[in-house]
Amino acid sequence: MVPRQARCAKALRVTLLRVAGLHVDIHGRPILRGVHVEMPEGGVFGLVGESGSGKSMTALALMGLMPAGARATGTAEFDGQNLLTLDEQRLRSLRGNELGMIFQEPMTALNPLQTIGDQVAETLLIHGAVGRREARAVARETLNRVGLDASRFALERYPHELSGGQRQRVSIAMAIALRPRLLIADEPTTALDVTTQAGILELLRALVDSEGMGLLLITHDLAVVAEMAAHVAVMQEGRIVEAGPTEELFRTRSHAYTKTLFAASEYTRARTSREVRETVLRVQAATRDHRLPRNNLFSPPGRLRAVDQVSLEVRRGESVGLVGESVCGKSTLSRAILGLETLQGGAIEIGGSPVLAPRVPADLRRRMQVVFQDPFGSFNPRHRVCRLIAEPFHLTGRPEDAEVRIDQVLADVGLSSRDKHKYIHEFSGGQRQRIAIARALITRPDLIVLDEAVSALDVRVRAQVLDLLADLQETYGLSYLFISHDLSVVRAVTDRVLVMQAGRIVESGPTGEVFADPAHPYTKALIHAVPRIPDAWRA
Amino acid sequence: MKWPLSLCVGFLLFAFFAMAALLSFVWTPHDHAAMAIDARMQGPGPNHWLGTDHFGRDILSMVMVGARTSIAVAVIAVGIGILAGVPLGLLAAANRGGLVDEIVMRGNDLVFAFPSLVIAILITAVFGPSAVNAIIAIGIFNIPVFARVARGAALPLWTLDYVLAARVAGKGKLRISFEHVLTNIANILIVQGTIQFSLGVLAEAALSYVGLGAQPPTPSWGRMLADSQTMIALAPHMAIFPGLAIVFTVLGLNLVGDGLRDLLDPKLRRAR
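Going line by line, the protein sequences match chains A and B. Taking my numbering, the leading residue of the first sequence gets 1, the next gets one more, and so forth. Taking my numbering, the leading residue of the second sequence gets 1001, the next gets one more, and so forth.
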């Protein structure tokens, strides 16, 4: 394909997209209150903000894909026309052609019943750019461009045969097949592992450079923006509070909200060094297999070793991090520790007593509790908070002073005793995670397994919850097993860290040492892949 | 919460027949079993609002008392289905992939493999035609329906974190099933119950049409249809009124089911 004439204008830094006074309300409730964005042709423009700040709605308004009941006013000038006033017909011819979009969730962004080749070719056919045969040739060439080569990724493959990162590459191929001038990427790497994220970000950057395409990168991750974007705008509650060249904005941080956002994302907390105390949790050579479905009727079912000879120890008052990417076995290990999965080999001991799933004595269960990732799925929506928190009393029998203890743990996690009569849907994500911590605290456990406990939270809320966890640890001498894929958080809050890959612990040691001088190549790759804000930009 | 239109209409239709059934306990225009040969096959008129049948019995009174039979048979049959089917479904979901799950679900398949009405006819033919046997026959075929629906709705709940949290709190499968799972699938079961209710009314009418439901002199809509069959050209009202009663009751219950689904399903609620 011949590059368009417009590409020659790149050097002049023509404005590609000019959004002015964009207001959106849904059923009269304001979502965006005057968004101004000026995006130059080519290069990456970052749009950062917390959830609910309106960054996704901005993208949807530009694409004309707003939910029912939404009304947009203002102007969004693209290619000499106002996107907000175009009719559906005209917008359809722009979408996929001049405007491309990538979504967050690679698992649902593709049609599971169509081959990847057909899905990429569909964009070309809809816009009548080429004939059927040629469309497949262009689809092939586009998939090559996103790093899915013909030998391993034939056009006839289906989405379910690909990994999350590969599917995201297919989504990108669909979006760039017609070489749009503006590509909108809404949290394109949030659902991906850190090494996969690095690959996708690299691909996006290469596409921007080679094709002169403008990329509007929407993310909550300041470090991703720091690595990718030349210009950035910070959003809060439907407004752009600050915008400018990335480096300048990161160095000055003139707006108060930007300051708090940065402070929260650079969360650190000095860990008080403690004397060596008794072991709370000991895992010795734990091994756990999952059965795979049979390939045919007569062959024995295959086995997947999810946890392979894992040994670890957690002492009283200590935080131990367990990092690894998805399907490395960290969830299986945490369930085994909680006595929810039986082991095929090895042993788990809590305070010297063996955990033999599935029949774990109540007194042993009482000593280990858990906080899960999803603040929305962790609670039965039909029970009130007092009943939710008191659930672990099932282990101890409801004590005489149950009400007092419920009030006490609510106070411990920074909620008031009035909250106990509410239902869970009345709370925000951060508050729910506090309630989950309260539920874990009520049996006065020795060990709390934090299974991605802060991963779904916005940076500011995450910093508050991490502070709360650290305070509780000091007050009650709790031990934490902190399971996460987020290396920066693990680095900030743990004493020791274990790196897990394919069911094995490949490296372990004091957190500071492992991060400063990783020995295993996988640890090195993980740490290298984490996007970071250059140290020189920090205030 | 605003009621969807279908729910309002369906509820009014069904409530009309339910009220008629209740009213028949204390008052009917005439004795539903009293015959008056000289006044047979009269059309609707001031004395007999809906006319009389070939024995001169008052059709309005028979339809009112018949509503009693239809609704009672359907309610008890649905009750049997829920009381036996839901625990089976919860049990299967709690042991998903295990032997108990296999046994329950293959048992379901076995029952589903037979055409329900034919087996119901077989049961009533073997044990003798009566309302009680009709209830049992219809009830048995409701069990696998509720077992399947309960299992299907319960399965995704078992992967949710709050069920895991309950397991960490040491709660057993039985307790989790009733405390966490059942409360969260209740809405789906209510909707299914309404649909099965309407199917129960139809099944009762079908059984009594072939003479295997409630026995005379207890009136039933199905048998009223059967009785009128040969006289349909002479006295069409004998078939029309019990027929309308069946149609509107079933329609009403189906509308209620649809409306309840709209009202109770959070996914649909968001889309509206």
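Heads up, the beta-carbon is just placed ideally off N, CA and C, and yes, glycines get one too.
The residues 1035, 1036, 1037, 1039, 1040, in chain order, have a CB closer than 6 Å to that of residue 1056(B) in the same chain once the five nearest residues on each side in sequence are set aside. In the displayed model, residue 151(A) falls within coil according to three-state DSSP, outside both helix and strand.
Under the 8 Å criterion on CB atoms, residue 370(A) is classed as interfacial with respect to chain B. Under the three-state reduction of DSSP output, residue 77(A) falls in the strand class. Put simply, the CB of residue 1171(B) is near chain A, with a gap under 8 Å to one of its CB atoms. In the three-state reduction of the DSSP assignment, residue 1033(B) falls in the coil class. At least one CB of chain B lies nearer than 8 Å to the CB of residue 392(A).
Per DSSP, reduced to three states, the secondary structure at residue 1262(B) is helical.
In the DSSP assignment, residue 101(A) falls outside any alpha helix (DSSP H) and within the unbroken beta strand (DSSP E) covering 99 to 102.
Excluding the 5 residues flanking it on each side, residue 58(A) has same chain C-beta neighbours closer than 6 Å at 35, in chain order. Taking 8 Å as the cut-off, the Cβ atoms of residue 481(A) and residue 526(A) do not count as close. If you keep only unbroken alpha helix (DSSP H) runs of at least 4 residues inside the region 279 to 343 of chain A, you get 330 to 337.
Taking one beta carbon from each stretch, the region 1057 to 1064 of chain B and the region 1018 to 1034 of chain B have 3 or more pairs nearer than 8 Å; the two touch. If the five residues before and after residue 246(A) are omitted, its C-beta is found closer than 7 Å to the C-beta atoms of 46, 225, 226, 229, 230, 231, 232, all from its own chain and listed in chain order. The shortest C-alpha to C-alpha distance from residue 1072(B) to any of 1197(B), 1240(B), 1263(B), 1215(B) is the one to 1197(B). Taking the beta carbon of residue 1166(B) as reference, the chain A residues within 7 Å of it are 391, listed in sequence order.
Put simply, the backbone Cα of residue 23(A) is about 13 Å away from that of residue 85(A).
Taking a 10 Å sphere around the C-beta of residue 81(A), we find fewer than 16 other C-beta atoms and assign the residue as exposed. With contacts defined as CB atoms closer than 8 Å, residue 530(A) and residue 194(A) qualify as a contacting pair. Taking a Cβ-Cβ threshold of 8 Å, none of the residues of chain B is close to residue 302(A); the smallest such distance is about 16 Å. Residues 1185, 1188 of the same chain have their beta carbon placed closer than 7 Å to that of residue 1153(B), with the five preceding and five following residues left out of the count. In the DSSP assignment, residue 1194(B) forms no beta bridge with any residue. Against chain A, the beta carbon of residue 1187(B) has no neighbour under 9 Å; the closest one sits roughly 10 Å away. Around residue 338(A), the beta-carbon contacts reaching into chain B at under 9 Å are 1164, 1167, 1168. As the crow flies, the alpha-carbon of residue 1214(B) is around 56 Å from that of residue 290(A).
Listed as beta-bridge partners of residue 142(A) by DSSP are no residues whatsoever. Under the DSSP definition of a beta bridge, residue 214(A) partners with 43(A), 182(A). A straight line joining the alpha-carbon of residue 303(A) with that of residue 292(A) spans about 5 Å. In this structure, residue 1242(B) and residue 1231(B) do not form a Cβ contact; the two beta carbons are roughly 13 Å apart against a cut-off of 8 Å.
By DSSP's assignment, residue 20(A) forms a beta bridge with 75(A). For the C-beta of residue 1180(B), the chain A residues within less than 7 Å are, from N- to C-terminus, 380. Between residue 142(A) and residue 177(A), the CB-CB gap stays under 8 Å. By the Cβ-count criterion, residue 1221(B) is buried, with 16 or more other Cβ atoms from all chains shown falling within 10 Å of its own Cβ. Below the 8 Å Cβ cutoff, chain B contributes 1169, 1170 as neighbours of residue 395(A), in chain order. Assignment of beta strand (DSSP E) within the region 347 to 371 of chain A, counting only whole runs of 3 or more residues, yields 368 to 371 in chain order. The C-alpha of residue 1210(B) lies about 19 Å from the C-alpha of residue 1244(B).
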